[in-house]
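Okay, so the sequence shown: first residue is 3 according to the working numbering, each after it adds one.
Just so you know, even glycine gets a beta-carbon here, dropped at the ideal spot from N, CA and C.
Computed from a prediction, not measured in an experiment: that's the story for all the values here.
Below is one structure, written out as structure tokens; the observations come after it.
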Amino acid sequence: MTAQAGRVVFTRGGLAESVHTVHVAVVDREGRRVASCGDADLITFPRSSSKPVQALPLALSAPDLPPDELAIACASHAGTPEHLAVVERLLARSGSTVDDLRCGTHPPFDPGVAADLIRRDEKPTPLHHNCSGKHAGMLLSCVLHGWPREGYTEHGHPLQVRIRELHAELGGVPLDDVRVGTDGCSVPALALPLHGAARVFARLAAPGGELAPALERIFRAMTAHPFLIAGAGRLDTTLMPLVPGLAAKMGAEAFYGMALRDTPKGPLGVAFKIMDAGERARPHVALAVLGGLGLPVTEEMRALAPATLHNWAGREVGTVEVELPSLRG
């Protein structure tokens, strides 16, 4: 029987104005369920929360890759000059250029950079796409493994086949249980049970076996370069430095994954999905989960998810209430 799902409730005038339904899974590196809320068996797409696994073939084949370049391969970056410089370095390692990227183009996530492009009457390029670092890393993985760069985004390409296998291995699920769609940047989007996604992050928190050195390097790259993983004012970048031993990665449609090394229950992996893709609820759920697992939630952390709502004149107009009724060990 599925446990009661969590909720994030935004109120106004004492009334619930919007409600976001949440499912949470927390596991240890063996996949044992330490805590849950809602449906831990929910099959869902981690989307960009898969990027640490998508970067694993790169980490395995390039053990001397600088940490900032490994971090950008795991990133959903904001398209700032700092981000683009690292992507360009990573592209150059495989003899690739921006023309080889198959991620498509969108305006930079950083509003200042996007506005600056408009002022200069310049169009964004695939470098500005938040996934360009991942794609640059994939191109280098192809070169180092002896796979063709052509068609590297296709489901049947050897790189994408290997990435799917790694999701199954790290998630502790049969390969056939890893469902395949197509992501916004054209690579395969892989869906697996929520508890499997949590186990992926648990393995990142407590690496073991043959993959351990590469997983450790990914964890260290992400935590050493939080700005590269997202950008100013974005949750991954702001939360990781505030929580010792945390590697966090957001995914589209309000998915979130956290690898936690230092909890009262030891290293853990967390995955949660907000069913209506309500991005504004994500920091509230993240802090509630951290607190529920016994981690201190500081005032600086609480500032990322205020419990009260204010209007443009500064008046308090409502509240945010997080209910995770069955989050338990």
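According to DSSP, residues forming a beta bridge with residue i
i, result
"L377", "Past the edges of the chain, shown from 3 to 331, lies residue 377, and the structure says nothing about it."
"I220", "Looking at the DSSP assignment, I220 forms no beta bridge with any residue, so it has no partner."
"C39", "V26"
"G8", "V24"
"G271", "V29 and A261"
"I276", "V24"
"G183", "A191"
"L82", "Note on identity: in this sequence residue 82 is Thr, with Leu being the wrong assignment. For T82, which the question treats as bridged, DSSP gives no partner whatsoever."
"G253", "F257"
"E323", "V11"
"T46", "L194"
Own chain, CB closer than 8 Å to residue i, minus 5 neighbours either side, in chain order
i, result
"V182", "H157, R166, P190, A191, L192 and A193"
"A80", "P110, F111, D112, V115, N132, A232, G233, A234 and R236"
"D30", "V36, A204, A208, K267, G268, P269, L270 and G271"
"V10", "V21, H22, V24, I276, G280, A283, H286, V287, V322, E323, V324 and E325"
"W149", "S143, H159, P160 and L161"
Own chain residues within Cβ distance below 6 Å of residue i, not counting five before or after
i, result
"F47", "A191 and A193"
"P285", "L237, L306 and A307"
"A223", "P69, L72 and A73"
"P95", "The question names Pro, yet the displayed sequence has Arg at residue 95. Excluding sequence neighbours, R95 sits near L142."
"R263", "A207, G247 and P269"
"G33", "G174 and R201"
"A27", "S38, A42, L196, H197, A200 and A273"
"G331", "Confidence at G331 is low in this model, with a pLDDT of 49, below 50, so its placement is unreliable and the value that follows should be read with caution. Answer for G331: V36 and A37, listed in chain order."
Beta-carbon spacing of residue i, residue j below 8 Å
i, j, result
"L142", "L206", "no"
"E209", "L217", "Note that residue 209 is Pro in the sequence shown here, rather than Glu. Contact: yes."
"P128", "L93", "no"
"E339", "G15", "As displayed, the chain neither begins before 3 nor continues past 331, which places residue 339 out of reach and without an answer."
"L248", "L241", "yes"
"A288", "Y258", "yes"
"F12", "V322", "yes"
"I220", "A57", "yes"
"L311", "C39", "no"
"P126", "K251", "no"
"M140", "L172", "no"
"R151", "S78", "no"
"G294", "T265", "no"
DSSP state of residue i mapped onto helix, strand, coil
i, result
"K53", "helix"
"L311", "strand"
"P190", "strand"
"A18", "strand"
"T99", "coil"
"E212", "helix"
"G295", "For the record, residue 295 in the displayed sequence is Leu; it is not Gly. Reduced to three states, the DSSP call for L295 is coil."
"G331", "A caution first: G331 carries a pLDDT of 49, below 50, which makes its placement in the model unreliable, though a value can still be read off. Note: G331 maps to coil in three-state DSSP."
"G233", "coil"
"E1", "The chain is shown from 3 up to 331; residue 1 falls before or after that span and cannot be answered."
"D66", "coil"
"L177", "helix"
"M3", "Annotation note: pLDDT 49 at M3 (below 50); position unreliable, no value reported."
"H137", "helix"
"L306", "coil"
"D123", "coil"
"G153", "coil"
"P160", "helix"
"D112", "coil"
Sequence-distant residues of the same chain with beta carbon closer than 7 Å to residue i, five excluded per side
i, result
"A116", "P109 and P110"
"P176", "A170"
"A254", "R49, S50 and G186"
"C105", "P128, H131, C133, S134, H137, C187 and S188"
Chain D within 8 Å of residue i, Cβ atoms only
i, result
"M252", "Annotation note: the requested chain D is absent from the structure, which comprises a single protein chain."
Any non-hydrogen atom of the ligand COA within 7 Å of residue i CB
i, result
"V26", "Questions concerning the ligand COA fall outside what the structure shown contains, since it holds no ligand whatsoever."
Cβ contact check for the stretch 43–62 and the stretch 270–284: 3 or more pairs under 8 Å: yes
Any 3 or more C-beta pairs closer than 8 Å across the stretch 283–302 and the stretch 64–72: The stretch 283–302 vs the stretch 64–72: no contact.
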